[in-house]
Amino acid sequence: MVLIVEFEIGTPILRRTVDAVSRIDVEEIYQSETGSTKLVCWMYGDDLEGVEPALADDTTVAAVSLLEDPGDRRLYSVTLSERGQAHLTYPTAAEYDIGYQEITVTEETSIRARVPTREALFAYRDVCREKEIPFRIQRIFEESAAAGDRYGITERQRKALIVALEEGYFDVPRETTLSAVAAKLDISDQALSARLRRGQANLLRNTIGGPAPT
Numbered sequence: 021m022v023l024i025v026e027f028e029i030g031t032p033i034l035r036r037t038v039d040a041v042s043r044i045d046v047e048e049i050y051q052s053e054t055g056s057t058k059l060v061c062w063m064y065g066d067d068l069e070g071v072e073p074a075l076a077d078d079t080t081v082a083a084v085s086l087l088e089d090p091g092d093r094r095l096y097s098v099t100l101s102e103r104g105q106a107h108l109t110y111p112t113a114a115e116y117d118i119g120y121q122e123i124t125v126t127e128e129t130s131i132r133a134r135v136p137t138r139e140a141l142f143a144y145r146d147v148c149r150e151k152e153i154p155f156r157i158q159r160i161f162e163e164s165a166a167a168g169d170r171y172g173i174t175e176r177q178r179k180a181l182i183v184a185l186e187e188g189y190f191d192v193p194r195e196t197t198l199s200a201v202a203a204k205l206d207i208s209d210q211a212l213s214a215r216l217r218r219g220q221a222n223l224l225r226n227t228i229g230g231p232a233p234t
């Protein structure tokens with residue numbers, strides 16, 4: 021039975037930055053064509069003017085660009101430094117077909133993930149320990165017991181997929197654009213694109229099967 025696991029890791033990634041905000045939500049993790057690792061992140065806080073100085077001082081960050089600024093939050097593309105990449109556990113998760121569903125950075129980095137087996141979870145835990153990254157499990161439950169998790173998608177992914185479907189984004193030819201769907205959801209094009217990709221990947225893994233994307 022596939023598991024939904026909620027856990028915390030004590031990674032230094034974005035640790036300096038989160039001191040300047042109230043919360044960071046990581047929307048997407050991916051590798052660029054040059055081989056660098058990038059995070060697409062929403063930054064939340066009462067005063068966001070300190071975000072960019074904090075990012076500049078963060079030794080896990082090599083470069084950053086502002087993607088969206090609706091006022092109450094900001095969306096950034098963050099390129100990890102060598103130190104940041106050295107502490108990244110996402111490649112290990114991908115190796116063991118562990119799919120991240122939600123990543124939130126506050127005092128700790130909280131992750132909600134879909135894990136194929138307990139053996140995969142323990143292997144991931146062991147790599148965290150090898151990297152001297154504290155690892156603490158908060159909750160484990162079977163996927164079938166999770167409300168709304170029939171197909172392993174988060175509520176935000178489900179909503180994005182439904183709106184895109186209803187607006188004709190998946191029609192051939194398309195009846196709407198990515199930007200129009202993003203506007204209805206009040207999120208950026210980049211955030212919607214990431215949400216749709218992850219939602220579709222989760223749906224495919226939970227219906228026709230196949231390994232998690234690396």
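Using my numbering, read the sequence shown as starting at 21 and increasing by one per residue. The beta carbon of each residue, even a glycine, is placed where N, CA and C say it ideally should be.
Residue range of the unbroken alpha helix (DSSP H) whose run includes residue i
| i | result |
| --- | --- |
| Ala83 | Counting along the chain, Ala83 falls outside any alpha helix (DSSP H), though it belongs to the beta strand (DSSP E) covering Val81 to Glu88. |
| Glu187 | Note, Glu187: premise wrong, no alpha helix (DSSP H); not H, not E. |
| Glu72 | Val71 to Asp77 |
| Glu102 | Glu102 to Ala106 |
| Glu53 | That residue, Glu53, is in no alpha helix (DSSP H); it is neither H nor E in DSSP. |
| Glu152 | Element bounds for Glu152: n/a, residue is neither H nor E. |
| Thr227 | Asp209 to Thr227 |
| Thr37 | Arg35 to Val38 |
| Leu68 | First-last for Leu68: undefined, no H or E at that position. |
Span of the beta strand (DSSP E) around residue i
| i | result |
| --- | --- |
| Glu28 | Leu23 to Ile29 |
| Arg194 | Neither: Arg194 is in no beta strand (DSSP E) and is coded neither H nor E. |
Residue of the options minimising C-alpha distance to residue i
| i | options | result |
| --- | --- | --- |
| Ala114 | Ser101, Ile123, Arg103 and Val135 | Val135 |
| Ile49 | Thr197, Asn226, Ala214 and Ile228 | Ala214 |
| Gly55 | Glu102, Arg149, Ile153 and Thr79 | Glu102 |
| Arg93 | Ala133, Arg43 and Thr137 | Arg43 |
| Glu28 | Glu195, Tyr64, Gly104 and Arg149 | Arg149 |
| Thr109 | Asp66, Thr137, Leu59 and Leu68 | Leu59 |
| Tyr189 | Arg176, Asp206 and Leu212 | Leu212 |
Beta-bridge pairing of residue i - partner residues as DSSP gives them
| i | result |
| --- | --- |
| Ser97 | Val60 and Ser85 |
| Val125 | Ile44 and Thr129 |
| Phe142 | DSSP, once it has assigned bridges, lists no residue as partnering Phe142. |
| Val135 | Leu23 |
| Glu162 | Leu23 |
| Gly119 | Arg134 |
| Ile157 | Phe27 |
Contacts around residue i, its chain only, beta-carbon distance under 6 angstroms, and the 5 residues preceding and following it disregarded
| i | result |
| --- | --- |
| Leu6 | Residue 6 is absent from the model: the chain starts at 21 and stops at 234. |
| Ala40 | Gly70, Val71 and Ala74 |
Residue burial classification, residue i (beta-carbon count within 10 angstroms, cutoff 16)
| i | result |
| --- | --- |
| Leu86 | exposed |
| Val201 | buried |
| Val38 | buried |
| Leu185 | exposed |
| Phe155 | buried |
| Met225 | According to the sequence displayed, residue 225 carries Arg and not Met. Flag for Arg225 reads buried. |
| Thr80 | buried |
Cut-off 7 angstroms between Cβ atoms - residues of its own chain near residue i, not counting five sequence neighbours on either side
| i | result |
| --- | --- |
| Thr174 | Gln121 and Glu122 |
Cut-off 8 angstroms between Cβ atoms - residues of its own chain near residue i, not counting five sequence neighbours on either side
| i | result |
| --- | --- |
| Lys204 | Val183 and Glu187 |
| Tyr64 | Val41, Ser42, Arg43, Ile44, Asp45, Asp92 and Arg93 |
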